[in-house]
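Visitor: Order-wise, the sequence lines are chains A and B. Heads up: the first sequence begins at 604 in the numbering used here, then just goes up one per residue. Heads up: the second sequence begins at 604 in the numbering used here, then just goes up one per residue.
There are 2 protein chains.
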Amino acid sequence: MHFTSEQSLDDDVIERAFTLGDIPGILWTPASASVSAPVPLILLGHPGGLHKLYPRLAGRARHSAADGFATATIELPGSGERPRWPAVEEARADMRRALQAGEPVSDEIIEALILPLVEKSVPEWQAALDALLALPEVDGPVGYSGGVISIGVRLAVVEPRISAAVLFAGSFVPRAMFEEARQVTIPLHVLLQWDDEGNDRQAALDLFDAFGTREKTLHANLGGHTGVPQFAGEAAAQFFTRHLK
Amino acid sequence: MHFTSEQSLDDDVIERAFTLGDIPGILWTPASASVSAPVPLILLGHPGGLHKLYPRLAGRARHSAADGFATATIELPGSGERPRWPAVEEARADMRRALQAGEPVSDEIIEALILPLVEKSVPEWQAALDALLALPEVDGPVGYSGGVISIGVRLAVVEPRISAAVLFAGSFVPRAMFEEARQVTIPLHVLLQWDDEGNDRQAALDLFDAFGTREKTLHANLGGHTGVPQFAGEAAAQFFTRHLK
Numbered sequence: 604m605h606f607t608s609e610q611s612l613d614d615d616v617i618e619r620a621f622t623l624g625d626i627p628g629i630l631w632t633p634a635s636a637s638v639s640a641p642v643p644l645i646l647l648g649h650p651g652g653l654h655k656l657y658p659r660l661a662g663r664a665r666h667s668a669a670d671g672f673a674t675a676t677i678e679l680p681g682s683g684e685r686p687r688w689p690a691v692e693e694a695r696a697d698m699r700r701a702l703q704a705g706e707p708v709s710d711e712i713i714e715a716l717i718l719p720l721v722e723k724s725v726p727e728w729q730a731a732l733d734a735l736l737a738l739p740e741v742d743g744p745v746g747y748s749g750g751v752i753s754i755g756v757r758l759a760v761v762e763p764r765i766s767a768a769v770l771f772a773g774s775f776v777p778r779a780m781f782e783e784a785r786q787v788t789i790p791l792h793v794l795l796q797w798d799d800e801g802n803d804r805q806a807a808l809d810l811f812d813a814f815g816t817r818e819k820t821l822h823a824n825l826g827g828h829t830g831v832p833q834f835a836g837e838a839a840a841q842f843f844t845r846h847l848k
Numbered sequence: 604m605h606f607t608s609e610q611s612l613d614d615d616v617i618e619r620a621f622t623l624g625d626i627p628g629i630l631w632t633p634a635s636a637s638v639s640a641p642v643p644l645i646l647l648g649h650p651g652g653l654h655k656l657y658p659r660l661a662g663r664a665r666h667s668a669a670d671g672f673a674t675a676t677i678e679l680p681g682s683g684e685r686p687r688w689p690a691v692e693e694a695r696a697d698m699r700r701a702l703q704a705g706e707p708v709s710d711e712i713i714e715a716l717i718l719p720l721v722e723k724s725v726p727e728w729q730a731a732l733d734a735l736l737a738l739p740e741v742d743g744p745v746g747y748s749g750g751v752i753s754i755g756v757r758l759a760v761v762e763p764r765i766s767a768a769v770l771f772a773g774s775f776v777p778r779a780m781f782e783e784a785r786q787v788t789i790p791l792h793v794l795l796q797w798d799d800e801g802n803d804r805q806a807a808l809d810l811f812d813a814f815g816t817r818e819k820t821l822h823a824n825l826g827g828h829t830g831v832p833q834f835a836g837e838a839a840a841q842f843f844t845r846h847l848k
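(1) Please determine, among A:A734, A:P686, A:L735, A:P680, the residue with the shortest C-alpha to C-alpha distance to L716 (chain A).
(2) By a C-beta neighbour count over all protein chains shown, 10 Å radius and 16 as the cutoff for buried, is K848 (chain B) buried or exposed?
(3) In whole angstroms, give me the CA-to-CA distance for V793 (chain A) and R687 (chain B).
(4) At the 8 Å Cβ level, is A838 (chain A) part of the contact set with chain B, yes or no?
(5) Let me know the secondary structure DSSP gives F606 (chain A) once reduced to three states.
(6) Just grab the DSSP bridge partners of T816 (chain A) for me.
(7) Are L720 (chain A) and A675 (chain A) touching if we call contact CB-CB under 8 Å?
(8) I need the boundaries of the beta strand (DSSP E) containing Q833 (chain A), first residue and last residue.
(9) Let's see if you can read the secondary structure: which residues bound the beta strand (DSSP E) around W728 (chain A)?
(10) To which residues does DSSP link D742 (chain B) through a beta bridge?
(11) Any chance the region 816-832 of chain B sits against the region 823-832 of chain A, with 3 or more Cβ pairs inside 8 Å?
(12) Say whether chain A places a C-beta atom closer than 8 Å to the C-beta of F834 (chain B).
(13) Which whole-angstrom value is the C-beta distance of A772 (chain A) and I752 (chain A), which I expect to be below 8 Å?
(14) To the nearest angstrom, report how far apart F606 (chain A) and Y747 (chain A) are at their CA atoms.
(15) Note down the Cα distance separating A839 (chain B) from R663 (chain B), rounded to an integer number of angstroms.
(16) Kindly indicate which residue of A:P726, A:Q841, A:D613, A:G749 has the alpha-carbon position closest to the one of E762 (chain A).
(17) Can you give the Cα-Cα distance for L791 (chain A) and I617 (chain A), rounded to whole angstroms?
(18) Grab me the residues of D799 (chain A)'s own chain with a C-beta within less than 7 Å of its C-beta, minus the 5 sequence neighbours each way, in chain order.
(19) For the candidate residues A:G652, A:R659, A:A636, A:F672, whose alpha-carbon lies nearest to that of F842 (chain A)?
(20) Using a C-beta to C-beta distance shorter than 9 Å, which residues of chain A count as neighbours of H822 (chain B)?
(21) Identify the continuous alpha helix (DSSP H) that holds P627 (chain B) and give its terminal residues.
(22) In whole angstroms, what separates the C-alpha of V776 (chain A) from that of Q805 (chain B)?
(23) Relative to the C-alpha of P642 (chain B), which residue among B:A731, B:R695, B:W631 is closest?
(24) Quick check on L847 (chain B) - is its C-beta less than 8 Å from some C-beta in chain A?
(25) Exposed or buried, which one is R682 (chain A) when buried takes at least 16 other CB atoms within 10 Å?
(26) Residues of chain B with CB under 8 Å from R817 (chain A), in chain order?
(27) What whole-angstrom Cβ distance do E678 (chain A) and G628 (chain A) have, given they're in contact under 8 Å?
(28) So which residues of chain A does L808 (chain B) contact, with C-beta pairs closer than 8 Å?
(29) Hey, could you find the ends of the beta strand (DSSP E) A784 (chain B) is sitting in?
(30) Is A620 (chain B) closer than 8 Å to S608 (chain B) when the C-beta atoms are compared?
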């Protein structure tokens, strides 16, 4: 892990860009975090494209820093400055065509888009976790928040260092993930936008039902994909404070 | 409205029993509430039986008082010390038999149980509201919380003094209420226990979908009817603080 730049946001948060091999990433730490007072970490998931998403990610990072958390994110394979990934781009185009035509998105399209992303990105997040937890000012426990829900599900199953997750039911879910969902045992807080245009509401409810964990909460709010109300973000922050502090 | 007793809970809350005609009720006010500093009011709904439910109701009242709210409740028709109501008792017994036999609860049973309760109790809550808002230490805005969800829906539609409601999806809902739900325009916070044995989950989700209001949130948690986690109660309290303060 190589830090490539550092800046201070409002004197409260230190933002450092890094590369992990050829994967770009960003780490935000509260200015108060130190070797003698390390802070817990939240991995910030996203749909891919760090540049475009920067304002939203930095906003989440600032809020988390105010709650005493470090946050970090890495670029998804095939997105942003990383090499293009034609197979996934093709599946994404197929999905867009189906949605625009008002047709159901087939299982084949969903699998072709999501499963390769999960397979490739989850080990990358785990490698990032290795590097981040080696920093003296960052410590466990670790949370995962948002992004492609199937990546969050797989991480929750395979990565024992993640102790709690906020998942955003905002992307289609391959059938295979429902079986994995039964294996999740960490506390979950699931956000669902009731009128999300790029999401199958019933599948999101079925996935929530499938999660094997004993503590799971679904927060559904009126509105589309990007309309998560501010109070819903605050409730998610309270969930992390309950479980990671 | 006649006060029949008064006691202080932990010096912080004044609890007064009252009767409104022949309907018993309880009012809790923060000790700090006064003519010069009146407090907003939350009506505490419940399934009927004030004596049996007193510990839970008083617990909710204490929390609300700490947040600066007065709370009040009245007995439901046919429950507690009020005259028995054979028709509703019969419908309740029919429902119990169906549930114990593992059979679906028919629309007829649900209607026979819920609709008379709604018809009779809603005007009683409105009369209580008249009396409570006439007290100098109690003021608007008013919230409604919990209890039989169909009573909450009807109150939200017909009673303009209620500005926000926390509804508990913990009882069966007659079909007619779905149409009323579309007429609700106040902010709603709906609690759903995912494994509630005396509730139809799909109907609860359909009801949430039907609500016509622009701000509605569903909080679903794992567990049975009485297993609402503490953090879910706190989220409901924050909803009232957002809307009634």
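Where a beta carbon is used, it is the ideal one built from N, C-alpha and C, also for glycine. All values reported here derive from a predicted model rather than from experimental measurement.
Guide: Looking at the atomic coordinates:
(1) A:P680
(2) By the neighbour-count rule (16 or more Cβ atoms within 10 Å), K848 (chain B) is not buried but exposed.
(3) If I take the Cα positions, the gap works out to 44 Å.
(4) yes
(5) strand
(6) Answer by DSSP bridge pairing: none, since T816 (chain A) is not bridged.
(7) no
(8) Residue range 833-847 is occupied by the alpha helix (DSSP H) that includes Q833 (chain A), with no beta strand (DSSP E) assigned at that position.
(9) Not the beta strand (DSSP E): W728 (chain A) falls in the alpha helix (DSSP H), residues 710-736.
(10) B:P643
(11) yes
(12) yes
(13) At roughly 6 Å, the Cβ-Cβ gap stays under 8 Å, so A772 (chain A) and I752 (chain A) are in contact.
(14) If you take the alpha carbons of F606 (chain A) and Y747 (chain A), they lie about 22 Å apart.
(15) So the two alpha carbons sit approximately 11 Å from each other.
(16) Across the set A:P726, A:Q841, A:D613, A:G749, the C-alpha of A:P726 shows the shortest separation from the C-alpha of E762 (chain A).
(17) 28 Å
(18) G773, G827, H828, listed in sequence order.
(19) Nearest of A:G652, A:R659, A:A636, A:F672 to F842 (chain A), Cα basis: A:F672.
(20) Result: T820, L821, H822, A823, A838.
(21) From DSSP, P627 (chain B) is part of no alpha helix (DSSP H) but of the beta strand (DSSP E) over 626-633.
(22) 21 Å
(23) The sequence shown places Val at residue 642 (chain B), rather than the Pro named in the question. Ranking B:A731, B:R695, B:W631 by Cα distance to V642 (chain B) puts B:W631 first.
(24) no
(25) Sequence inspection shows Ser at residue 682 (chain A); the Arg mentioned does not correspond to that position. With 16 or more Cβ atoms within 10 Å of its Cβ, S682 (chain A) is classed as buried.
(26) Listed along chain B, the residues sitting closer than 8 Å to R817 (chain A) by beta-carbon distance are L825.
(27) 7 Å
(28) One finds L808 in chain A with Cβ atoms closer than 8 Å to the Cβ of L808 (chain B), taken in chain order.
(29) Where A784 (chain B) is concerned, there is no enclosing beta strand (DSSP E), although the alpha helix (DSSP H) it sits in stretches over 778-784.
(30) yes
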